[in-house]
Amino acid sequence: MTQITLNTLSSEIKDMDAAYSASGGDAAVLHNHELASLVISGNKVLNANGIEGIVLEPQETEHGVDVKLTIKKGYKISLPVHLCFGLIPEDGLQEINMNFVAEEDSAVELVAHCTFPNAVKIIHRMEAQMHVGKNASLKYTETHFHGPHGGAQVIPKAHVKIEEGGSYFNNFSLISGRVGALEFDYDVDAEKDSVCEMITKVYGKKDDKIKIMEKVSLNGENARSVIKSRLAITEDAESEFKGITEGHAPRSRGHVDCLEVLQGNAKAEAIPIIRVDNPLAKVTHEAAIGCVDKKEVETLMARGLEEDDAIDTIVKGMLA
Amino acid sequence: MLSRDGKKILRGVNLEVGDREIHSIIGANGAGKSTLAYTLMGLQGYEHEEGSLIFNGEDISKLSITERAKKGITLAWQEPARFEGLRVRDYLAIGAKGNGGVTEEDLKEALRKVDLKPEKYLDREVGEALSGGERKRIELASIITMKPKLAILDEPDSGIDVVSLKEIVNLIQTFKENGSSVLVITHRKEIAAASDKASLMCEGVILRSGDPLEISEFFKNRCIPCDSRVSPPKAA
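Going line by line, the protein sequences match chains A and B. Start counting the first sequence at 877; every next residue gets the next number (this note's numbering). Start counting the second sequence at 85; every next residue gets the next number (this note's numbering).
Right, here's the structure in full:
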């Protein structure tokens, strides 16, 4: 079934296309009706296109959009679903409420680009409920693109429930431009035989304030999870990472891994918390904060790079 | 001379490496071989305090690591860096920027020369999921793409299985054939035997230089049982 909602706000579409391209996306995919896609600018739905197996129900609200996206039972969507959220003006509020459901035995990859190229005083708030059905697979990649002003307050919050045998992969990346303030808060409940992998990569600059909070509760037998965070914090930026994994069930396995690279006057804090209340569960953690590895810098300098270029190459590699 | 915490680490190094010469540095653990390599590359904390460092007639002792690399000097570490997230193809291309860049075929050929399949390794990350031996080979491949005038190889065989020793020897010969001089730090007589010249190092001193086989034999028969650490030798 194909559902198409098109508003003919051509200049806004053009601006979002440009911003989407600047954030690394291919704007052509947003206009290809053989691919599922959703484009939201402020509180306007510029484009919504569902395909067979996907029900896409966007609803404009006063400050944003409520989105319900359902992958029907048994459908394996072979090509990614493209989502684009953004605000083109310098100021404003955008509130996105998302309800993603991957029904039993379905599989989908959602590729979201969030773009705020001119942000001076913007709030982007996202509240998400994600439900991964029995033996279903949901992969969610969110890439942010911000301008140079650091005038955005980005507040993504999600609760994810993974049913038996389901898998959930989340990859959040904010490395282009300056954000301002980020408060990332994801909470996952993982049931029997499920898999959860969450990766966050963030580059904090100037006086950015970065807060990452990720929690996985391994509730079911054999549930497995990895929380992996990579942060580069420079100049006067500050970061706080909290990664929590709780092992509540036999043979559940979890790992928290945080690596933060610090430069200039930046400040960073990393708090991995592991809790286990089942003797057959095992949860581990590692966290490191420090400067860029000296040997890596010197190796690249010995290949001819200047010191600053060597550090830049290493940091970009870590965040790639 | 180079000292750290009041202790002299290098105190009698008189060494000359000729054009397109393979020169082995042999010595026991703690003799100062790696320190010598780091000093030649100009690493932080290894700046020498006395004496001169001449490369192609120019004193390079005050130059930074990058400046020395741009003159054609490079170093392969005994234990290579991990580089999380950096792809092998990007790492190999970095060294080649100074000599006009590399083609896709150059990258593949560099990997083949260190016995790694390009289709398997070119798009992998240097750090993650690669063994120490694989990273060592990739480090050597990065020297191939750089085409340096002087390649300093700190124990190029460490972490690589014995069966591959012959390939390392061949690789060192290839560096020479491609126009590089090679200063190689080694414990292996097979590598020393493939050298044009060897020097024996002990307690920060180059004791003697000459025929590689003679130096290797001297090391084996005289140095290993020696108690030189109790009575450090004097410079030759």
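Glycine included, C-beta positions come from ideal geometry on N, C-alpha and C.
Cβ-based burial, residue i [other Cβ within 10 Å; buried from 16]
{"i": "T270 (chain B)", "result": "buried"}
{"i": "N925 (chain A)", "result": "buried"}
{"i": "A904 (chain A)", "result": "exposed"}
{"i": "K1091 (chain A)", "result": "buried"}
{"i": "T946 (chain A)", "result": "buried"}
{"i": "P993 (chain A)", "result": "buried"}
{"i": "H1007 (chain A)", "result": "buried"}
{"i": "G114 (chain B)", "result": "exposed"}
{"i": "I880 (chain A)", "result": "Note that I880 (chain A) scores 42 on pLDDT, short of 50, meaning its location in the model is unreliable; the coordinates nonetheless yield the value given after this. I880 (chain A) comes out exposed."}
{"i": "K91 (chain B)", "result": "exposed"}
{"i": "T884 (chain A)", "result": "Summary for T884 (chain A): the model assigns pLDDT 46, below 50, so the residue's position carries little reliability; its value from the coordinates is reported in the next sentence. Exposed."}
{"i": "V97 (chain B)", "result": "buried"}
{"i": "R196 (chain B)", "result": "exposed"}
{"i": "I138 (chain B)", "result": "exposed"}
{"i": "T1189 (chain A)", "result": "buried"}
{"i": "C1167 (chain A)", "result": "exposed"}
{"i": "N1095 (chain A)", "result": "buried"}
{"i": "S887 (chain A)", "result": "exposed"}
{"i": "S136 (chain B)", "result": "exposed"}
Residue i versus the options, residue with shortest Cα-Cα distance
{"i": "V266 (chain B)", "options": "B:I236, B:M125, B:K304 and B:I308", "result": "B:I236"}
{"i": "L922 (chain A)", "options": "A:S913, A:A1004, A:V1078 and A:I930", "result": "A:S913"}
{"i": "I1109 (chain A)", "options": "A:D1169, A:G1096 and A:K1085", "result": "A:K1085"}
{"i": "V1152 (chain A)", "options": "A:V1173, A:I1165 and A:S1093", "result": "A:S1093"}
{"i": "Y1044 (chain A)", "options": "A:H1025, A:A1028, A:S982 and A:G1023", "result": "A:S982"}
{"i": "E1067 (chain A)", "options": "A:F1060, A:L1050, A:E1039 and A:V1055", "result": "A:E1039"}
{"i": "E298 (chain B)", "options": "B:G96, B:K197, B:I109 and B:E134", "result": "B:I109"}
{"i": "E239 (chain B)", "options": "B:P164, B:K281, B:D199 and B:G184", "result": "B:P164"}
{"i": "K1037 (chain A)", "options": "A:A898, A:E1183 and A:G1009", "result": "A:G1009"}
{"i": "E223 (chain B)", "options": "A:I1190, A:A1196 and A:T1175", "result": "A:T1175"}
{"i": "S1101 (chain A)", "options": "A:N1046, A:E936, A:S887 and A:A1178", "result": "A:N1046"}
{"i": "H939 (chain A)", "options": "A:E1111, A:A1157, A:A1142 and A:I998", "result": "A:I998"}
{"i": "D103 (chain B)", "options": "B:S264, B:A194 and B:A225", "result": "B:S264"}
{"i": "S1049 (chain A)", "options": "A:A1028, A:A1113, A:E1059 and A:Y1079", "result": "A:Y1079"}
{"i": "V1191 (chain A)", "options": "B:V101, B:R166 and B:L200", "result": "B:R166"}
{"i": "T119 (chain B)", "options": "B:Y130, B:D199 and B:A112", "result": "B:Y130"}
{"i": "H1022 (chain A)", "options": "A:H1000, A:S1013 and A:A1004", "result": "A:H1000"}
{"i": "G1119 (chain A)", "options": "A:G1166, A:D1061, A:L1138 and A:K1081", "result": "A:D1061"}
{"i": "I252 (chain B)", "options": "B:D199, B:P296, B:M285 and B:K304", "result": "B:D199"}
{"i": "F259 (chain B)", "options": "B:I106, B:I93 and B:V101", "result": "B:I106"}
{"i": "E966 (chain A)", "options": "A:G1027, A:I1051, A:D1063 and A:A1057", "result": "A:G1027"}
{"i": "D1063 (chain A)", "options": "A:V1055, A:S1128, A:E1073 and A:A1057", "result": "A:E1073"}
{"i": "V996 (chain A)", "options": "A:Q1029, A:M974 and A:H1161", "result": "A:Q1029"}
Check whether residue i and residue j have beta carbons under 8 Å apart
{"i": "D1133 (chain A)", "j": "K1104 (chain A)", "result": "yes"}
{"i": "E1116 (chain A)", "j": "K1077 (chain A)", "result": "no"}
{"i": "V943 (chain A)", "j": "P934 (chain A)", "result": "yes"}
{"i": "Y951 (chain A)", "j": "L986 (chain A)", "result": "no"}
{"i": "I953 (chain A)", "j": "I930 (chain A)", "result": "yes"}
{"i": "L214 (chain B)", "j": "L191 (chain B)", "result": "no"}
{"i": "N1098 (chain A)", "j": "G1123 (chain A)", "result": "no"}
{"i": "G156 (chain B)", "j": "L99 (chain B)", "result": "no"}
{"i": "L969 (chain A)", "j": "A988 (chain A)", "result": "no"}
{"i": "R219 (chain B)", "j": "D241 (chain B)", "result": "no"}
{"i": "I227 (chain B)", "j": "T150 (chain B)", "result": "no"}
{"i": "D1142 (chain A)", "j": "A1113 (chain A)", "result": "In the sequence under discussion, the amino acid at residue 1142 (chain A) is Ala, which differs from the Asp named in the question. For A1142 (chain A) and A1113 (chain A), yes; Cβs fall inside 8 Å."}
{"i": "T229 (chain B)", "j": "L147 (chain B)", "result": "no"}
{"i": "I1051 (chain A)", "j": "L1181 (chain A)", "result": "no"}
{"i": "A278 (chain B)", "j": "Q257 (chain B)", "result": "yes"}
{"i": "A848 (chain A)", "j": "A1034 (chain A)", "result": "Here chain A covers residues 877 to 1196 and nothing more, so residue 848 (chain A) does not appear."}
{"i": "R1129 (chain A)", "j": "L1156 (chain A)", "result": "no"}
{"i": "M339 (chain B)", "j": "G126 (chain B)", "result": "In the structure displayed, chain B extends from 85 to 320; residue 339 (chain B) sits before or after that span and is not available."}
{"i": "P1024 (chain A)", "j": "G1053 (chain A)", "result": "yes"}
{"i": "K949 (chain A)", "j": "E980 (chain A)", "result": "yes"}
Any non-hydrogen atom of the ligand FAD within 7 Å of residue i CB
{"i": "R1151 (chain A)", "result": "As for the ligand FAD, it is missing from this structure, which has no ligand bound."}
task: Name, going along the chain, the residues of the region 201 to 214 of chain B whose beta-carbon falls closer than 9 Å to a beta-carbon of chain A.
output: E209, V210 and G211
task: Check each residue of the region 143 to 167 of chain B: if its Cβ is closer than 9 Å to any Cβ of chain A, include it; give the result in chain order.
output: S148, I149, T150, R152, A153, K154, I157, T158, L159, A160, W161, E163, P164, A165, R166 and F167
- prompt: What residues from the region 1158 to 1181 of chain A come within 9 Å of chain B, judged by C-beta to C-beta, listed N to C?
  reply: D1169, K1170, K1171, E1172, V1173, E1174, T1175, L1176, M1177, A1178, R1179, G1180 and L1181
- request: Check distances from the C-beta atoms of the region 1119 to 1130 of chain A to those of chain B and list, in chain order, the residues that come in under 9 Å.
  value: Against chain B - using a Cβ distance shorter than 9 Å - the region 1119 to 1130 of chain A contributes no residues.
- request: Taking a Cβ distance cut-off of 7 Å, strictly less, list which residues of the region 972 to 995 of chain A are near chain B, in chain order.
  value: none
query: Mind pulling the alpha helix (DSSP H) runs of 4 or more residues that sit fully within the region 201 to 226 of chain B?
result: 202 to 205
field: Within 9 Å of chain C by C-beta, residues of the region 264 to 287 of chain B in sequence order
entry: No chain C appears in this structure, whose protein chains are A and B.
- prompt: Taking a cut of 7 Å between CB atoms, which residues from the region 1138 to 1155 of chain A lie near chain B?
  reply: none
- request: Write down every uninterrupted run of the beta strand (DSSP E) in the region 1006 to 1043 of chain A whose length is 3 residues or greater and which is fully enclosed by it, in chain order.
  value: 1013 to 1022 and 1028 to 1038
query: Between the region 89 to 123 of chain B and chain A, which residues of the former have a C-beta closer than 8 Å to a C-beta of the latter?
result: none
message: Just to confirm the assignment: which complete alpha helix (DSSP H) runs, minimum length 4, are found wholly within the region 237 to 309 of chain B?
response: 249 to 261, 273 to 277 and 296 to 302
- request: Please list the residues of the region 168 to 188 of chain B that have a C-beta atom closer than 7 Å to any C-beta atom in chain A, keeping them in chain order.
  value: For the region 168 to 188 of chain B, which is checked against every Cβ of chain A, the residues closer than 7 Å are E168, G169, L170, I178, G179, K181 and G182.
- prompt: Using a Cβ cut-off of 7 Å, which residues of the region 1077 to 1093 of chain A contact any Cβ in chain B, in chain order?
  reply: none
query: Going along the chain, which residues of the region 228 to 256 of chain B sit with their C-beta nearer than 8 Å to a C-beta in chain A?
result: M230
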